[in-house]
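Engineer:
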Amino acid sequence: MLGRFRHGYVAPAAILVAVLLYAPFVWTAYLSLTRYDGLEPPAWVGFANFGKLLDDPALLTSTRNTLIWVAGTMVLPVGLGLLVAVLSYDIKGGAWYRVPFMLPYALSGAGLAMVWSPILSHGGIANLLLGVDTAFLQEAPHNTLAMLLVWTWQQLGVNTLLFVVGLQSIPKEPIEAARLDGASGWRLFRHVIWPLMRPLTAVVVGLALVASLKTFDIVWVLTQGGPGRNSETLAVTMYKETFVASDYGYGSAVAVLLTVVTGLASYLYLRRQVAS
Amino acid sequence: MLRSRMATLGVAALVLTACGGGNAAAPQKKTELTLYNDKGAWTKFFDEMGALSKPSIGLGMKPTGYTDSAQYQAFIKASFRTNVKPDLFTWQTGGMLEEIVKQKQVADTTAVWQEAIKAGDLSQDLAPYYTIGGKQYCVPMNVAYWGMFYNKKIFDKYGLQPPQTWDDLIKTADTLKQNGVKAFYHTSVLFSFVWFEQLMAGTDPDLYDRLSTGKAKYTDPGVVQVMERWKQLIDAGYFINPGDKTDPGDVLKTGKAAMVSFGTWFNTSMTQRDLKPGTDYDFFVIPNVNASLPKTSMIFESGPLCSLAKAADPDASMKYLKWWTTAEAQEKWATSRGDVSANPKVTIKDEALGTVTKDAGSGKYRLVNRYFEATPPPILTAALDGFSKFVTEPGAYKEVLETIQKAADEYWSTHQ
Numbered sequence: 001m002l003g004r005f006r007h008g009y010v011a012p013a014a015i016l017v018a019v020l021l022y023a024p025f026v027w028t029a030y031l032s033l034t035r036y037d038g039l040e041p042p043a044w045v046g047f048a049n050f051g052k053l054l055d056d057p058a059l060l061t062s063t064r065n066t067l068i069w070v071a072g073t074m075v076l077p078v079g080l081g082l083l084v085a086v087l088s089y090d091i092k093g094g095a096w097y098r099v100p101f102m103l104p105y106a107l108s109g110a111g112l113a114m115v116w117s118p119i120l121s122h123g124g125i126a127n128l129l130l131g132v133d134t135a136f137l138q139e140a141p142h143n144t145l146a147m148l149l150v151w152t153w154q155q156l157g158v159n160t161l162l163f164v165v166g167l168q169s170i171p172k173e174p175i176e177a178a179r180l181d182g183a184s185g186w187r188l189f190r191h192v193i194w195p196l197m198r199p200l201t202a203v204v205v206g207l208a209l210v211a212s213l214k215t216f217d218i219v220w221v222l223t224q225g226g227p228g229r230n231s232e233t234l235a236v237t238m239y240k241e242t243f244v245a246s247d248y249g250y251g252s253a254v255a256v257l258l259t260v261v262t263g264l265a266s267y268l269y270l271r272r273q274v275a276s
Numbered sequence: 277m278l279r280s281r282m283a284t285l286g287v288a289a290l291v292l293t294a295c296g297g298g299n300a301a302a303p304q305k306k307t308e309l310t311l312y313n314d315k316g317a318w319t320k321f322f323d324e325m326g327a328l329s330k331p332s333i334g335l336g337m338k339p340t341g342y343t344d345s346a347q348y349q350a351f352i353k354a355s356f357r358t359n360v361k362p363d364l365f366t367w368q369t370g371g372m373l374e375e376i377v378k379q380k381q382v383a384d385t386t387a388v389w390q391e392a393i394k395a396g397d398l399s400q401d402l403a404p405y406y407t408i409g410g411k412q413y414c415v416p417m418n419v420a421y422w423g424m425f426y427n428k429k430i431f432d433k434y435g436l437q438p439p440q441t442w443d444d445l446i447k448t449a450d451t452l453k454q455n456g457v458k459a460f461y462h463t464s465v466l467f468s469f470v471w472f473e474q475l476m477a478g479t480d481p482d483l484y485d486r487l488s489t490g491k492a493k494y495t496d497p498g499v500v501q502v503m504e505r506w507k508q509l510i511d512a513g514y515f516i517n518p519g520d521k522t523d524p525g526d527v528l529k530t531g532k533a534a535m536v537s538f539g540t541w542f543n544t545s546m547t548q549r550d551l552k553p554g555t556d557y558d559f560f561v562i563p564n565v566n567a568s569l570p571k572t573s574m575i576f577e578s579g580p581l582c583s584l585a586k587a588a589d590p591d592a593s594m595k596y597l598k599w600w601t602t603a604e605a606q607e608k609w610a611t612s613r614g615d616v617s618a619n620p621k622v623t624i625k626d627e628a629l630g631t632v633t634k635d636a637g638s639g640k641y642r643l644v645n646r647y648f649e650a651t652p653p654p655i656l657t658a659a660l661d662g663f664s665k666f667v668t669e670p671g672a673y674k675e676v677l678e679t680i681q682k683a684a685d686e687y688w689s690t691h692q
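So the sequences go chain by chain: W and V.
Just so we're aligned, residue 1 is where the first sequence starts under the working numbering, counting upward by one.
Just so we're aligned, residue 277 is where the second sequence starts under the working numbering, counting upward by one.
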């Protein structure tokens, strides 16, 4: 009975996914092979847009910035999240220490940027408090690093929470056994806790990897990828080429590139994690 | 099995129909029109116009304001292919209007223009900005003359007067600098073109016009010299930091910079801050850099209010556009925002802006189309990025000009 109707049960979800996810992707992939301004019908240009990608200095900058975002995300929101989780896990009232880190997570990317814009703008609050005249959001790659700190401020809490969940899920016995054998501190963490947390770490790092590769809103609201495109990420380049320059074909080529890079990075990372 | 497949196909057909862009919408009779615009901050003023039009012509109007112009433009372009069509929408003159007119998306307003010119509600001088292929499209949503808004209290404090010549302006900037006040506002976001267009128009307006039509290059000596002059002004320390995100209205109000160059619409920001013209702030026309030019160049812009050729109720949309040009509508539109009007009959309350409007109408100035409208969109995008880079890194001016020219070469190779 169930077998007879199983396609019917799956159909609504399958149709939604097909219409809202796969169809736009196929359409975007098609547009990447055309010249299209959003008005005239798309004109087939083959792989010309991908050829242009190789010759575009702005793409080189956005690729560099995206890599900074990926590396920075691994070190700061993920690395610090782990540190905060480990330091606050086994102490009395540890949950209260984690609360301040969680609060910024409630803000949207755009809201986050609105909060930090007056702080980081030249002559803003950070300049006044630190007594310096640094243009945090003007010069590259400092502007990307400044935005990474803002990103860390928001993401630290949720990463901490996930790592705490990971710590709580570790069975007590191996840790107690290791302690009886004399392991403690760094050695206990490195050789016992860390390996046991691996499944959860794979999820946190995987999510952070994808999120950092498609960084958009925070950059768009704080710098709009500028000045002079020097803080653009691949996602910002995709948006600007498509909707600001109305070059839908080239913007779609950037979108395809970003999708391939994100898919490939996720696949390679997860395959390695699963295999190990 | 067959039944479940049919059900699946049925659901798919429903979804696709809902998402699809059919063009066969039946004409409707509307009593309230939607007005999509990229001026989200002006929603209150659009609402007031809707409240006025309802008793006046029996058509209400509900605005939907966007604050991100890229998102707005993408929405309007997408609406051409769907059934979610605005009855009225704001746009830009120049290349952007031409682009959508060529696609036959915009309603012809030639009759409205002819009638309004005859009635004295629109000036013939404005028509070229709205004329494509001998026909008019859209009506002026607003007009604006560009000049310098200045903090009058700061000027009074240091005994400064509105400058009559470029040298006067530089002396004013020097005096302010000696007193620890930044003379000028500029920014690396969106309005990064303002000083380029002003210096170009005040130095060689013919070259500015040739640049916007692809007959001159950004790497030509005249353009390079303008960039060098702009660099000198930045190096002299006259400008606030371009990365300062303070709203320009607050910049002027607080005296962070003594002068802010914008269109007359900036007066709305002043009135929203309860600043009094003639007491707290004032406005002057920026003198030419090149004193030998026969007329003072003044940047001019006009933003269109349009209707789609395939509007849900074309008669209602056209009726509204016609009403928009009348003195009754424009009196309200200009007065509520403290701005100037496209209708010559409207009395401008602000004395300085009233004088500028009158002088501009009498041919005292050489009106120069604002860079934003005068420059084709792909070149504009490269230029805004380039000027944004320049204001933070003035030494890079040659590289910036070369980058813009690269975009210009690409564009003009297919659009001459």
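Don't be surprised by glycine CBs; every beta carbon is placed ideally from N, CA and C.
1) For a contact meaning CB atoms closer than 8 angstroms, what does residue 26 of chain W contact in chain V?
2) Return no unless some Cβ of chain V is closer than 7 angstroms to the Cβ of residue 78 of chain W.
3) Tell me the DSSP secondary structure of residue 680 of chain V in three-state form.
4) Check whether the Cβ atoms of residue 519 of chain V and residue 122 of chain W lie closer than 7 angstroms to each other.
5) Count the other CB atoms, across all protein chains shown, that sit within 10 Å of the CB of residue 68 of chain W; report buried if there are 16 or more and exposed otherwise.
6) Do the region 580-599 of chain V and the region 482-497 of chain V make contact, defined as three or more Cβ pairs closer than 8 angstroms?
7) Would DSSP call residue 248 of chain W helix, strand or coil?
8) Answer with yes or no whether the minimum CB distance from residue 654 of chain V to chain W is below 7 angstroms.
9) Can you tell me whether residue 177 of chain W is buried or exposed, with buried defined as 16 or more other CB within 10 angstroms of its CB?
10) So residue 388 of chain V and residue 413 of chain V are in contact, right, with Cβ under 8 angstroms, and what is the actual spacing, rounded?
11) Are the beta-carbon atoms of residue 659 of chain V and residue 680 of chain V separated by less than 7 angstroms?
12) Compute the Euclidean distance between the alpha carbons of residue 100 of chain W and residue 574 of chain V, then round it to the nearest angstrom.
13) Restricting to Cα atoms, I'd like to know which of W:199, W:145, W:96 is closest to residue 212 of chain W.
14) Are residue 470 of chain V and residue 578 of chain V close, meaning C-beta to C-beta below 7 angstroms?
15) What do you get for residue 653 of chain V, buried or exposed, if any count of 16 or more other CB atoms within 10 angstroms of its CB means buried?
16) Buried or exposed for residue 566 of chain V, please, with buried defined as at least 16 other CB atoms from any protein chain shown within 10 angstroms of its CB.
17) Name, please, each residue of chain W whose Cβ falls closer than 8 angstroms to the Cβ of residue 341 of chain V.
18) As a quick exercise: from W:153, W:92, W:229, W:141, pick the residue whose alpha carbon is nearest that of residue 105 of chain W.
19) Taking the straight line between their C-alpha atoms, what separation do you get for residue 693 of chain V and residue 427 of chain V?
20) Should residue 63 of chain W be listed as close to the ligand HEM, given that the test is whether its C-beta is under 6 angstroms from any heavy atom?
21) Check whether the Cβ atoms of residue 228 of chain W and residue 31 of chain W lie closer than 7 angstroms to each other.
22) Using DSSP with H/G/I as helix, E/B as strand and the rest coil, what is residue 365 of chain V?
23) When DSSP labels each residue in this structure, what does residue 92 of chain W get in the three-state scheme?
24) What separation, rounded to the nearest whole angstrom, lies between the Cα atoms of residue 136 of chain W and residue 143 of chain W?
25) Which residues in the same chain as residue 315 of chain V place their Cβ atom closer than 7 angstroms to its Cβ, once the five residues preceding and following it in sequence are excluded?
26) Could you give the first and the last residue of the continuous alpha helix (DSSP H) run that contains residue 153 of chain W?
27) Can you give the Cα-Cα distance for residue 84 of chain W and residue 116 of chain W, rounded to whole angstroms?
28) With 16 as the cutoff for other CB atoms within 10 Å, does residue 129 of chain W come out buried or exposed?
29) Does any residue of chain W have a CB that is nearer than 7 angstroms to the CB of residue 297 of chain V?
30) Taking contact to mean at least 3 C-beta pairs separated by less than 8 angstroms, is the region 462-479 of chain V in contact with the region 664-672 of chain V?
31) Tell me the rounded alpha-carbon separation between residue 208 of chain W and residue 161 of chain W.
32) Measuring only the C-alpha atoms, how far is residue 139 of chain W from residue 670 of chain V?
33) Please decide whether residue 664 of chain V counts as near chain W, where near means a Cβ-Cβ distance under 7 angstroms.
34) Which full runs of the beta strand (DSSP E) of 3+ residues lie inside the region 510-597 of chain V, going along the chain?
35) Roughly how far, in whole angstroms, is the beta-carbon of residue 473 of chain V from the beta-carbon of residue 596 of chain V, given that I think they are within contact range, below 8 angstroms?
36) Between the region 595-611 of chain V and the region 448-456 of chain V, do at least 3 Cβ pairs fall closer than 8 angstroms?
Structural biologist: By the coordinates alone:
1) None at all; the shortest Cβ gap to chain V is about 14 angstroms.
2) no
3) helix
4) yes
5) buried
6) no
7) helix
8) yes
9) exposed
10) Their Cβ separation, rounded to whole angstroms, is 10 angstroms, which puts residue 388 of chain V and residue 413 of chain V out of contact at 8 angstroms.
11) yes
12) 54 angstroms
13) W:145
14) no
15) buried
16) exposed
17) Chain W residues near residue 341 of chain V: none, gap ~17 angstroms exceeds 8 angstroms.
18) W:153
19) Residue coverage of chain V in this structure runs from 277 to 692, which leaves residue 693 of chain V outside it and unanswerable.
20) The model on display carries no ligand, and the ligand HEM is accordingly not part of it.
21) no
22) strand
23) coil
24) 5 angstroms
25) 341, 366
26) 142-169
27) 23 angstroms
28) exposed
29) With a pLDDT of 41 at residue 297 of chain V, under the threshold of 50, the modelled position of that residue is not reliable, and no figure is offered here.
30) yes
31) 14 angstroms
32) 13 angstroms
33) yes
34) 533-539, 557-560, 572-582
35) Actually they are not in contact, since the Cβ atoms of residue 473 of chain V and residue 596 of chain V sit about 32 angstroms apart, beyond 8 angstroms.
36) no
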